[in-house]
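> Numbering (the working numbering), first residue to last: 10 to 435. One structure, as structure tokens, below. Some questions next.
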RNA sequence: CGGGGAGUAGCGCAGUUUGGUAGCGCAUCUGGUUUGGGACCAGAGGGUCGCAGGUUCAAAUCCUGUCUCCCCGACCA
């Protein structure tokens, strides 16, 4: 059972005015709703409400990873240069890789991705085909010194990402797990209630041959993609330089006309093959005692970027509209008075809903009704329950569903059951 | 890195052209009146005008340098 949170004690500073630095909806709203604050270009602090959302997204990702047999680890963010020299990426990666020296003049970098460090770690443990396959994942900060960070969390330099790495004895086994990962990624998008399309993609710096990206459709997205109802999809980048997005194209699978859209890449799966195991000397002995290079895959989900993508897709003029699955709190009880029987009722209603297993915040601030309504809409709690003297005296409370704007009046004495019934359908 | 814009109170901004005691709105604090969709009245606090030099009797304002932030592009998850 979670305890009721009191808005008067919550560190959740909302902004009435638009922050000058923000252009797109997700950026403006995550600042205004008090989810994040900027520390430098492309780097953000997460405030209590924002961090609650992040933790919920992480937990969904964790659930889906664990469900397909992945094991969670945590890897260092600071990585020795020698591993990157071994893989060849110390030279290949470019200035996006943030490098520095420690007090002994030893070279290090901030991990933009973790193939090197995990391959090196695994190298010390794998001896036999009997150890394979397995998949390790972590949820950790990454740092990429982007040329131009922008759009708040959509392209930060420091960002929260789940990255998984799998090791296999054959291409077939890699393919099998790759498909499981792709399935998990689809379920993650669905649990986040994203309107998304899986598409064929380039593998970029990570390397490897086969890659799919999961795109949240959004005009603010930096990627351009084509997709078809039959399930086909591709980034226009992966289709090559001669792809002309100004004319229509037909689907290579079913010949229907392709749809063109912009998207936010929230996750990506790669088949790396033996690229890293070969270059870094990761081997195991097969059934015949012969040394072999494991096939590898890697799988990333942008956690903080997913949060931005959800906001980008799910907001209105008043603010954010969270899905139940990742709302910072699922229910806000708006107490319009703070020192009378109506308030006591509001507090007990909040407590009963918390006992039922919901995350509830009660707005007990000494603010005017308008301020409380505006903040509730702005932060985007899925369900608002308004308890005021007026309704209390006539024997009812008002319940508002943020997503639809629908308002219902329910009787005081049966409010818990009525609210539970409404929540069933959210 | 190329192009454009911006740094003045916690936030949003005016003032810079034409140098002359640093302002407005919101927020904050005090008192009062209010109280179902971002209240009202009265009072108060809060500023090295991004930073460093220079010109001048005098610089937020002019000059030089520099840092930071935002947008477009190239690049990228």
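The C-beta atom is built at its ideal place from N, Cα and C for all residues, glycine as well. In this text the structure is predicted, and so the values were computed from the model without any measurement.
I'd like the span of the alpha helix (DSSP H) that includes residue 35, first residue to last.
Along the first chain, read from residue 1 onward, the residue named residue 35 stands at position 26. Taken as a continuous stretch (DSSP letters only), the alpha helix (DSSP H) holding residue 35 covers 34 to 41.
> Select from 109, 134, 162, 128 the residue whose C-alpha is nearest the C-alpha of residue 51.
Against the first chain, residue 51 aligns to sequence position 42. That would be 162, whose Cα lies nearest to the Cα of residue 51.
> Roughly how many angstroms separate the alpha carbons of residue 395 and residue 406, rounded to a whole number?
Sequence index remark: in the first chain, residue 395 carries index 386 (1-based). Sequence index remark: in the first chain, residue 406 carries index 397 (1-based). Residue 395 and residue 406 have their C-alpha atoms some 6 angstroms from each other.
> Check residue 29 in the structure and name its three-state DSSP category.
Residue mapping note: residue 29 aligns to position 20 of the first chain, counting from 1. In this structure, residue 29 counts as coil in the three-state DSSP scheme.
> Whole angstroms is fine: what's the gap from residue 78's alpha carbon to residue 158's?
Counting from one through the first chain, the residue named residue 78 turns up at place 69. Counting from one through the first chain, the residue named residue 158 turns up at place 149. Each residue's alpha carbon lies about 35 angstroms from the other.
> Residue 197 and residue 70: beta carbons closer than 9 angstroms?
Taking the first residue of the first chain as 1, we reach residue 197 at position 188. Taking the first residue of the first chain as 1, we reach residue 70 at position 61. Yes, Cβ-Cβ distance for residue 197 and residue 70 is below 9 angstroms.
> Are the Cβ atoms of residue 171 and residue 67 separated by less than 9 angstroms?
Looking up residue 171 in the first chain gives position 162. Looking up residue 67 in the first chain gives position 58. Yes.
> For residue 95, collect the residues of the same chain with a Cβ closer than 6 angstroms to its Cβ; drop the 5 residues on either side in sequence, then sort them by chain order.
Taking the first residue of the first chain as position 1, residue 95 is located at position 86. For residue 95, where only same-chain residues beyond five positions count, the Cβ hits under 6 angstroms are 289.
> Pick from 276, 327, 245: whose alpha carbon is nearest that of residue 382?
The count along the first chain starts at 1 and reaches residue 382 at position 373. Checking every option, the nearest Cα to that of residue 382 belongs to 327.
> Give a yes or no on contact between the stretch 248 to 267 and the stretch 303 to 318, applying the rule of three or more CB pairs nearer than 8 angstroms.
no
> If we ignore side chains and look at the alpha-carbon of each, how far apart do residue 420 and residue 377 end up?
Residue mapping note: residue 420 aligns to position 411 of the first chain, counting from 1. Residue mapping note: residue 377 aligns to position 368 of the first chain, counting from 1. Cα to Cα, the separation comes out at about 24 angstroms.
> Cα separation between residue 363 and residue 426?
Indexing the first chain from 1 puts residue 363 at position 354. Indexing the first chain from 1 puts residue 426 at position 417. Each residue's Cα considered, the two are about 13 angstroms apart.
> Can you tell me whether residue 352 is buried or exposed? The criterion is at least 16 other CB atoms within 10 Å of its CB, across all chains shown.
As a first step, residue 352 is located in the first chain; it is residue number 343 there, counting from the start. By the 16-neighbour rule on beta-carbons within 10 angstroms, residue 352 is buried.
> Between residue 40 and residue 31, how many whole angstroms is the CB-CB distance? I'm expecting something under 8 angstroms.
Position 31 of the first chain holds residue 40. Position 22 of the first chain holds residue 31. About 6 angstroms separates the beta carbon of residue 40 from that of residue 31, a gap short enough to meet the 8 angstroms contact definition.
> Given a cut-off of 9 angstroms, decide if residue 392 and residue 428 are closer than it, judged by their beta-carbon atoms.
By 1-based counting over the first chain, the position of residue 428 is 419. By 1-based counting over the first chain, the position of residue 392 is 383. Yes, Cβ-Cβ distance for residue 428 and residue 392 is below 9 angstroms.
> Whole angstroms is fine: what's the gap from residue 475's alpha carbon to residue 424's?
Outside the displayed range of the chain (10 to 435) lies residue 475, so it cannot be described from this structure.
> So, residue 178 versus residue 146, is the Cβ gap smaller than 9 angstroms?
Here residue 178 refers to the residue found at position 169 when the first chain is read from its first residue. Here residue 146 refers to the residue found at position 137 when the first chain is read from its first residue. Contact: no.
> For residue 360, which of helix, strand or coil comes out of DSSP?
The residue you call residue 360 lines up with position 351 of the first chain. Reduced to three states, the DSSP call for residue 360 is helix.
> Spatial neighbours of residue 365 within its chain, please: C-beta separation below 8 angstroms, excluding the five flanking residues on both sides.
On the first chain, position 356 is the one that residue 365 refers to. These residues qualify, in order along the chain: 425, 429.
> For residue 76, which of 144, 12, 256 has the nearest alpha-carbon?
If you number the first chain from 1, residue 76 lands on position 67. Residue 76 has its Cα closest to that of 144, out of 144, 12, 256.
> From 117, 210, 354, 278, pick the residue whose C-alpha is nearest to that of residue 232; which is it?
As a working mapping, residue 232 is identified with position 223 in the first chain. Of the listed residues, the one whose Cα sits closest to residue 232 is 210.
> Our contact map puts residue 342 next to residue 372 with C-beta atoms below 8 angstroms; I'd like the distance itself, whole angstroms only.
In the first chain, the residue the question calls residue 342 occupies position 333. In the first chain, the residue the question calls residue 372 occupies position 363. With a Cβ gap of about 7 angstroms, residue 342 and residue 372 count as contacting.
> Which class does residue 61 belong to by DSSP, given the choice of helix, strand or coil?
Along the first chain, one-based indexing puts residue 61 at 52. If DSSP states are grouped into helix, strand and coil, residue 61 belongs with the helices.
> Go through the stretch 273 to 346 residue by residue and report every complete run of the alpha helix (DSSP H) that reaches 4 residues or more, in order.
284 to 289, 312 to 322
> Who pairs with residue 394 in a beta bridge, going by DSSP?
Residue mapping note: residue 394 aligns to position 385 of the first chain, counting from 1. In DSSP, residue 394 forms a bridge with 342, 408.
> Going along the chain, which residues of its own chain have a beta-carbon closer than 8 angstroms to the beta-carbon of residue 294, five neighbours each way excluded?
In the first chain, the residue the question calls residue 294 occupies position 285. Hits under 8 angstroms: 136, 137, 138, 300, 301.
> My output table needs one value for residue 186: the three-state DSSP class, helix, strand or coil.
Translated into positions along the first chain, residue 186 becomes position 177. Helix at residue 186.
> In whole angstroms, what is the alpha-carbon distance linking residue 72 and residue 191?
Within the first chain, residue 72 is the residue found at index 63, counting from 1. Within the first chain, residue 191 is the residue found at index 182, counting from 1. Roughly 14 angstroms between the two C-alpha positions.
> If we count the other Cβ atoms within 10 Å of its Cβ and call it buried at 16 or more, is residue 110 buried or exposed?
Reading the first chain from its first residue, position 101 is the one you call residue 110. Classification for residue 110: exposed.
> So the candidates are 123, 149, 185; which of them puts its Cα closest to the Cα of residue 142?
Here residue 142 corresponds to residue number 133 of the first chain, with the count starting at 1. Among 123, 149, 185, the Cα nearest to that of residue 142 belongs to 185.
> Look up residue 53 in the DSSP assignment and give the residues it is bridged to.
Within the first chain, numbered from 1, the residue matching residue 53 stands at position 44. Note: residue 53 sits in a beta bridge opposite 47.
> Taking only three categories from DSSP, how would you classify residue 17?
The residue labelled residue 17 in the question sits at position 8 within the first chain. Three-state DSSP puts residue 17 in a helix.
> Measure the CB-CB distance between residue 275 and residue 221 and report whether it falls below 9 angstroms.
Residue numbering aside, residue 275 sits at position 266 when the first chain is read from its first letter. Residue numbering aside, residue 221 sits at position 212 when the first chain is read from its first letter. Remark: C-beta atoms of residue 275 and residue 221 do not approach each other more closely than 9 angstroms.
> According to DSSP, simplified to helix, strand and coil, what is residue 118?
As a first step, residue 118 must be located in the first chain, where it is residue number 109. If DSSP states are grouped into helix, strand and coil, residue 118 belongs with the strands.
> Thinking just about the alpha-carbon of each residue, which of 49, 321, 390, 207 is nearest to the one in residue 168?
If you number the first chain from 1, residue 168 lands on position 159. Nearest C-alpha to residue 168: 49.
> What is the residue span of the alpha helix (DSSP H) that residue 254 lies within?
Here residue 254 refers to the residue found at position 245 of the first chain. Looking at the DSSP string, residue 254 is not in any alpha helix (DSSP H), and its letter there is neither H nor E.
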